[in-house]
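Student: Numbering (full-length UniProt numbering), first residue to last: 1 to 268.
Note that the Cβ used here is the ideal one computed from N, Cα and C, for glycine as well.
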């Protein structure tokens, strides 16, 4: 019960902060009216998380308008919204990645999303460690058990295994974030695998956001060709781990054989 109260308290505080930040927009110069050069109109803007491409385009145009005079405010708002979603395992990071591309360009947007993804995932890890372990196990016992077995099987090459899971997310990233404390994955291993492993995915989304006006559906982003590229990168990341496991086993078998011979000679 205490863990639920603590989590609800953190979520409520974060929600209030984000609500106040998004509803108290700074003043901007009015938009000139199409009817006359002298008249002007002030449009009321209501910010919310986008749920489709049309809402994403509208939000991008609104924030671009504010960004001309209030760059730091838009940056703070974007970072706060991104961390909110990542920290509380709320789906929709692809839309925010595209929004980063539309607002900040490909390379600045990529650097920003990689930093925010890693930071938000780390916050999610810490929240799960502090408040959610028992609830995650209770809600997803089979999935946690399966992931636990995979982690044990790849213990000698855990870095590359985690990197593979991030590069080609067959298991959702939010689930990896909340289960990592349960699987006893240390932060020193968790942090770099998130930072490196999500670069290709973030790049695809951010690059798409930089040409947002040309995108007609989400299928244009995650095509079969794109998925094949992610799978190829993931397999490359998994290869070193497979080699480590193989040669570790060979070395272990060799050591056991040497020990058996030594014991045999002593017996003689």
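Looking at the structure shown, is residue 89 part of a helix, part of a strand, or coil, going by DSSP?
Tutor: Coil.
Student: In chain order, what residues of the same chain have a beta carbon less than 8 Å from the beta carbon of residue 21, not counting five sequence neighbours either side?
Tutor: 76, 77 and 80, listed in sequence order.
Student: Taking the Cβ atom as the reference point for each residue, do residue 147 and residue 193 lie within a distance shorter than 8 Å?
Tutor: No, the pair does not count as a contact, with Cβ atoms beyond the cut-off.
Student: Does the beta-carbon distance from residue 97 to residue 202 come in below 8 Å?
Tutor: Closer than 8 Å, so yes.
Student: If you drop the 5 nearest sequence neighbours on each side, which residues of the same chain put their C-beta closer than 8 Å to that of residue 189?
Tutor: Here the set comprises 158, 159 and 162.
Student: Starting from residue 160, follow the alpha helix (DSSP H) in both directions and report where the run begins and ends.
Tutor: Note, residue 160: alpha helix (DSSP H), 158-167.
Student: Out of 173, 186, 66 and 210, point me to the one whose CA is closest to residue 90's CA.
Tutor: Of 173, 186, 66 and 210, the residue nearest in Cα terms is 173.
Student: So, with DSSP's three-state summary, where would you put residue 179?
Tutor: Residue 179 falls in the helix class under three-state DSSP.
Student: Between which two residues does the alpha helix (DSSP H) harbouring residue 112 extend?
Tutor: Residues 106-127.
Student: Is the beta carbon of residue 87 less than 8 Å from the beta carbon of residue 127?
Tutor: Taking 8 Å as the Cβ cut-off, residue 87 and residue 127 qualify as a contacting pair.
Student: Could you give the first and the last residue of the continuous alpha helix (DSSP H) run that contains residue 269?
Tutor: Outside the shown range of the chain (1 to 268) lies residue 269, about which nothing can therefore be said.
Student: Hey, how far is the Cα of residue 3 from the Cα of residue 181?
Tutor: Approximately 15 Å between the Cα atoms of the pair.
Student: Mapping the DSSP letters down to three states, classify residue 137 as helix, strand or coil.
Tutor: Residue state, collapsed to three classes: helix.
Student: Please name the residue, chosen from 82, 27 and 53, that lies closest to residue 69 on a Cα-to-Cα basis.
Tutor: Checked all of 82, 27 and 53; the closest Cα to residue 69 is 27.
Student: Let me make sure I understand the geometry here. Which of 6, 48, 166 and 83 has the alpha-carbon closest to that of residue 122?
Tutor: Among 6, 48, 166 and 83, the Cα nearest to that of residue 122 is on 83.
Student: Could you work out which residue in 49, 117, 142 and 153 is closest to residue 166 when comparing CA atoms only?
Tutor: It is 117 whose Cα lies nearest to the Cα of residue 166.
Student: Taking residue 99 as the reference, which of 60, 71, 211 and 131 has the closest Cα?
Tutor: Nearest C-alpha to residue 99: 60.
Student: Give the straight-line distance between the Cα atoms of residue 74 and residue 131, rounded to the nearest whole angstrom.
Tutor: Approximately 31 Å, taken between the alpha carbons.
Student: Spatial neighbours of residue 210 within its chain, please: CB distance less than 8 Å, with the 5 preceding and 5 following residues excluded, ordered by chain position.
Tutor: Closer than 8 Å at the Cβ level, and outside the excluded window around residue 210, lie 101, 102, 105, 106 and 109.
Student: Below 8 Å on the Cβ atoms is my guess for residue 114 versus residue 198; work out the distance and round it to an integer in Å.
Tutor: Their Cβ separation, rounded to whole angstroms, is 7 Å, which keeps residue 114 and residue 198 in contact under 8 Å.
Student: Which of helix, strand or coil does DSSP assign to residue 35?
Tutor: Unreliable positioning characterises residue 35 in this predicted model, as indicated by a pLDDT of 47, which lies under 50. A coordinate reading is not provided.
Student: Below 8 Å on the Cβ atoms is my contact criterion, and I expect residue 49 with residue 6 to pass it. Report the Cβ-Cβ distance as a whole number of Å.
Tutor: At roughly 25 Å, the Cβ-Cβ gap does not stay under 8 Å, so residue 49 and residue 6 are not in contact.
Student: Starting from the Cα of residue 195, find the closest Cα among 155, 120, 144 and 175 and give me that residue.
Tutor: Here the closest residue by C-alpha is 120.
Student: Between the alpha carbons of residue 200 and residue 206, how many angstroms are there, rounded?
Tutor: Approximately 10 Å between the Cα atoms of the pair.
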